[in-house]
Amino acid sequence: MNRQISRIALIAALGGLGIATQQPSTATAQEAAQTRAFDIPAQSLNGALLRFAREAGVQVLYDSALVQGRQSPGVSGRMTTSAALERVLQGSGLGFRVNSPQSISLTAPAAAAIEPAADTVVLDEIRIDAGGAVTEGTGSYTTGLTTVATGLPLTMKETPQSISVATRQRMDDRNQRSISEVLEDTTGITVMPMDTERRSVYARGFSSPTYMVDGLPVWYRIQYGSGPSMADMAIYDRVEVLRGATGLMAGAGEPSVVVNMVRKTPTATPQTQLRFSVGSWNTVRSDLDISGPLNADASIRGRFVAAHEQGDSWLDRYERRKTVLYGTVEADVGDAGTLSAGYDFQRSRTRNHQFGGLPLIANDGSQLDYDTSTNAGGGDLPLTQTTQTVFLRYAHDFGTGWQAVGDLSVYKAERRGYLASASWGSPDPQGFGVQTVGGYADTDTDQTALSLTASGPVELWGRSHDLRFGVTGSWGKDNHKAHAAFDGTEIDYQPITGSIFDWDGHVPNLIQQAGYVSYVSDTKIDQVAAYGSGRFGLTDRLNLIAGARVVWYDYDYTTSNLDSGATTRQQISRNGEWIPYAGLTYDLNDDWSVYASYTRVFKQASYRDKDNRIVEPTTGSNYELGTKASFADDRLNFAAAIYLLEQDNLPVRDRSVSYQLPDGSNPYKSIDGTRSKGFEMELAGEIRPNIQLAASYAYTTAKDGDGLRISTVTPRHSIKLSGVYAFETMPLTLGASLRWQSAIENTWVWPVTGTARQGSYAVAGLMGRYDFQNGMSASLNIENLFNRKYLSSIDETYATGNYGAPRNATLSLDYRF
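With numbering that gives the first Met the number 0, letter number 305 in the sequence shown gets 304, and the count goes up by one each step, no holes.
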């Protein structure tokens with residue numbers, strides 16, 4: 000089969016399929032008996048398959064070369080899904096195979112086979128190509144298609160960059176509820192808690208994450224709020240993580256990592272999931288997920304997700320509540336269009352939260368050691384963080400393989416509440432001398448993002464190729480207000496009573512009433528880009544994936560000191576920045592390929608130096624060489640890569656400065672000649688039909704122009720393993736996980752002199768699930784099985800850190816119908 004043309008994946012979900020390659024089970028036979036109405040006129044086979052997939056609510060997966068030049072007689076009437084597809088394919092000589100209850104792949108006769116009769120269903124005669132992008136319901140730890148690197152629908156093996164995908168099944172098996180938990184399990188990613196609410200994400204030696212939702216960017220300002228770094232996973236189908244620079248799909252050549260969270264979509268058949276969980280530290284959580292058609296012919300479909308979680312923590316006094324709401328409606332518009340709209344809402348409320356970590360260095364230079372339950376947060380103060388997004392999408396198929404898609408999202412984040420954290424000072428070895436930092440958090444972030452794309456196949460030089468063109472834009476603003484005091488009582492640098500080792504969280508003379516606004520900062524970032532990309536079949540085995548993005552960038556930063564009346568304003572504009580991308584893939588055989596890729600790095604950061612001036616943009620180049628493989632009909636993917644990232648004007652925290660900027664952020668400085676290099680390896684997917692595995696190893700080192708390590712708080716080496724085994728003789732699934740990393744450390748000369756170190760460590764977990772026959776299952780997850788005590792983060796600027804969670808367990812009941 001010619002495998003040079005991209006697969007076309009039309010995604011709804013959970014269609015009633017009635018074909019199996021072996022003897023059908025009872026459940027499959029029941030699905031085969033279900034009928035639905037079809038009305039597909041005679042047309043090109045490609046157009047008929049697009050229409051069939053929408054009406055049946057399934058994925059139809061195929062190489063476009065299979066259907067090129069073929070016609071379909073169409074189908075009309077009420078019948079089973081399998082019968083309708085047979086009629087759509089009538090006269091084409093093609094057959095089909097069921098991959099899962101969601102997915103069908105087209106097949107073609109082997110080269111030496113006799114042409115089948117027009118109404119024959121051909122099964123298992125050739126290799127079946129990749130599955131689709133949606134992971135829900137597949138039971139898999141890998142995916143068939145991804146667009147996060149180039150925008151083109153490519154399999155993992157066809158993409159010339161390093162990508163990991165956390166599927167819905169893997170998140171459920173691991174009981175992962177936040178994006179931070181997902182990223183902790185991802186190849187080459189280090190998640191560093193700044194405190195209870197904020198996370199830094201490092202990849203390939205740098206912390207410069209770009210967050211996206213459904214391919215649209217989400218503004219992330221870690222100084223003032225957690226935003227997408229604390230997103231709940233209840234509403235997402237999968238998380239796509241691209242390591243290394245990408246100039247086509249995200250911003251202007253982001254040098255570190257792109258995290259794309261893909262929402263769940265409505266299904267064409269009814270489904271409901273109820274989940275109730277109880278866990279350590281009085282944690283209680285409930286989830287509801289309802290999806291299905293909203294009218295008789297399933298031309299309008301909807302989905303609603305709600306989740307609520309509350310509980311305490313291994314940290315003394317820390318309390319948390321979280322609410323998640325998500326609703327979306329999808330409707331067919333005529334014969335060729337699909338319109339969808341939705342809204343998601345996430346809100347967290349906490350008390351006794353931290354604003355920074357625990358002081359790690361005593362005034363004699365020794366490293367302090369705490370109980371894992373010690374909490375720097377106090378005052379019994381409330382903090383509320385809210386994010387809301389309204390989104391709209393329209394997709395139109397032109398019946399020739401070409402499709403146009405428009406996406407719009409409006410995002411808003413708010414942070415309101417009080418902060419009082421015993422995170423400052425150089426205490427003596429007995430813990431006396433710690434001071435509080437904090438204030439009143441008052442921040443609003445708003446962003447509108449737009450994307451318009453067109454993609455499809457072309458015939459040139461006797462070969463088929465795929466093209467994609469697009470225009471993207473994002474317009475964001477962030478407003479931060481600094482309040483002078485709590486009704487006249489300052490929080491910053493106030494000594495706590497007694498020792499931090501037995502502090503009860505009491506803050507003397509604290510009144511929960513924000514003082515007047517003394518300082519305001521407004522940040523505006525507008526970015527517009529046009530890009531084009533293509534996959535060009537140079538030979539039967541060699542493909543070129545190339546493109547470029549042209550960026551227009553405007554940054555406007557204004558500050559106002561309301562006490563003195565002084566104002567400042569800084570503006571930066573970058574017009575027509577050119578970000579090229581190129582990659583080559585070569586198929587060694589049906590299973591293995593090798594690749595090479597290059598991307599230019601350009602990023603205008605919003606960091607400011609010690610003089611409160613915006614730093615210069617980061618520029619550089621990203622090179623990557625690797626090999627990939629896919630086995631078992633692309634149900635198992637392997638990748639290994641070496642990389643080199645060279646950058647100038649890289650912003651890093653300025654440790655020579657002993658003060659914060661007027662808005663409370665940290666000063667940065669730019670350094671030249673940085674080089675990050677390393678090696679990554681990953682295996683994910685189906686080892687055997689009853690075994691799913693995700694395993695990875697990563698090595699990275701990043702040095703400045705003088706050969707010194709840029710960051711010592713991230714490990715050089717990391718290993719991550721997770722997998723499940725489903726027993727064939729009983730409805731029982733058992734799983735295990737392991738995370739290991741090499742040592743981390745940091746040395747400070749301010750605010751205290753000393754070195755903190757965390758040696759290499761491993762954290763293990765177990766899970767078990769029993770499936771009852773009535774759609775109900777019970778599962779138990781145990782994390783940190785051996786109760787390992789370890790520092791999960793060491794701050795690069797302040798002499799503070801945070802401990803990881805001790806052993807904990809969650810018991811869940813799940814009911815699906």
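Think of the CB as a built atom: it goes at the ideal place given N, C-alpha and C, for glycine as much as any other residue.
Taking the beta strand (DSSP E) that residue i belongs to, which residues open and close that run?
i	result
A628	T617 to F630
V190	I188 to P192
D441	Q434 to L459
V712	Careful: V712 lies outside any beta strand (DSSP E) and carries neither H nor E.
P208	P208 to V212
H482	R462 to H482
D770	Y760 to D770
Y696	I690 to K702
V240	Y235 to R242
H505	H505 -> no beta strand (DSSP E), and no H or E assigned at all.
M259	Looking at the sequence provided, one finds Asn at residue 259 rather than Met. V256 to R262 is the span of the beta strand (DSSP E), which, as asked, contains N259.
For residue i, does the count of other Cβ atoms within 10 angstroms reach 16, so buried, or fall short, so exposed?
i	result
Y492	exposed
I641	exposed
Y417	buried
V820	Not covered by the structure: residue 820. The range shown for the chain is 0 to 816.
E458	exposed
W749	exposed
M729	exposed
N773	exposed
R708	exposed
N88	Just to set this straight, residue 88 is Leu in the shown sequence, not Asn. So L88 ends up on the buried side.
Y704	It is worth fixing the name first, because residue 704 is Gly in this sequence and not Tyr. Exposed.
T538	exposed
R568	exposed
W502	buried
P666	buried
F771	exposed
V817	Residue 817 is absent from the structure shown; the chain starts at 0 and stops at 816.
E727	exposed
F637	buried
D818	Lying before the first or after the last residue shown, residue 818 is absent from the chain, which here runs from 0 to 816.
V283	exposed
With residue i and residue j assumed to form a contact (beta carbons below 8 Å), what rounded beta-carbon distance in angstroms separates them?
i	j	result
S312	P358	S312 to P358, Cβ: 20 Å. No contact.
G291	T268	6 Å
G204	S710	6 Å
G355	T799	5 Å
D184	R173	7 Å
S408	A448	5 Å
D441	R415	6 Å
G364	S717	About 29 Å separates the two Cβ atoms, so there is no contact after all.
L48	V57	Not quite, the Cβ-Cβ distance comes to about 11 Å (not below 8 Å), so this is no contact.
What are the boundary residues of the alpha helix (DSSP H) that includes residue i?
i	result
T80	T80 to V87
S179	I178 to E183
M170	R167 to D172
Output the distance between the C-alpha atoms of residue i and residue j, rounded to the nearest integer angstrom.
i	j	result
Y658	L635	51 Å
F785	V762	8 Å
N783	A230	22 Å
T752	Q384	35 Å
T371	G333	59 Å
N745	G536	49 Å
K627	T557	48 Å
T732	G767	6 Å
W460	T145	27 Å
G803	D465	46 Å
Y439	P661	15 Å
N574	P159	28 Å
Q434	F500	13 Å
Q402	A394	7 Å
P216	Y210	6 Å
A55	R715	49 Å
G619	Q603	12 Å
G377	T496	12 Å
Does any residue of chain C bring its CB to less than 8 Å from the CB of residue i?
i	result
T79	The chain inventory of the structure shown lacks chain C, comprising one protein chain alone.
Q: Give, in chain order, every unbroken run of the alpha helix (DSSP H) that is at least 4 residues long and sits entirely within the region 719-750.
A: Those alpha helix (DSSP H) runs which fall completely within the region 719-750 and span 4+ residues do not exist here.
Q) Considering only residues of the region 281-331, which uninterrupted beta strand (DSSP E) runs meet the minimum length of 3 residues and lie entirely inside it, listed in chain order? A) For the beta strand (DSSP E) assignment, the uninterrupted runs of no fewer than 3 residues enclosed by the region 281-331 are, from N- to C-terminal side, 282-292 and 299-310.
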